[in-house]
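Reading through the structure tokens given below for one structure.
What follows is the structure, encoded as structure tokens:
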């Protein structure tokens, strides 16, 4: 009786693992799975900054916000370098400026995205 339960549990775990592996191989983008699809209607322009922007004039965005996720996805596709500041603008969002910095700690890297205060 216990062997049947163990076998059923093992088969269930294998099915779930195979499903996740297949799902991961076909999507290749887990950000879209957890954060939703990227808004491609905005044409971002990225410029590398030589000076660090004044933090008094910036608001930090949550990494799950729509703008932040679109910006760091764009920056990753544009091969933005680590430990550098970038300014992002878009014709669809006149007057709005966003700033991003890729921070690394060992093998972990994360984007910090800021919006200029109005």
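In our numbering, the protein residues as written are 1 to 118. Where a beta carbon is used, it is the ideal one built from N, C-alpha and C, also for glycine. Predicted model only: the values in this text are computed from it and were never measured.
Open item on the list: Please report the distance separating the alpha-carbon of residue 6 from that of residue 16.
Closed with: Inter-residue distance for residue 6 and residue 16 is about 15 Å (C-alpha atoms, whole angstroms).
Open item on the list: To the nearest angstrom, how far is the alpha carbon of residue 81 from that of residue 51?
Closed with: About 15 Å.
Task: Opening and closing residue of the alpha helix (DSSP H) in which residue 126 lies - done: Residue coverage of the chain in this structure runs from 1 to 118, which leaves residue 126 outside it and unanswerable.
Task: Identified DSSP bridge partners for residue 107 - done: Answer by DSSP bridge pairing: none, since residue 107 is not bridged.
TODO: Go ahead and label residue 110 buried or exposed: buried means 16 or more other beta carbons lie within 10 angstroms of its beta carbon, across all protein chains shown.
DONE: exposed
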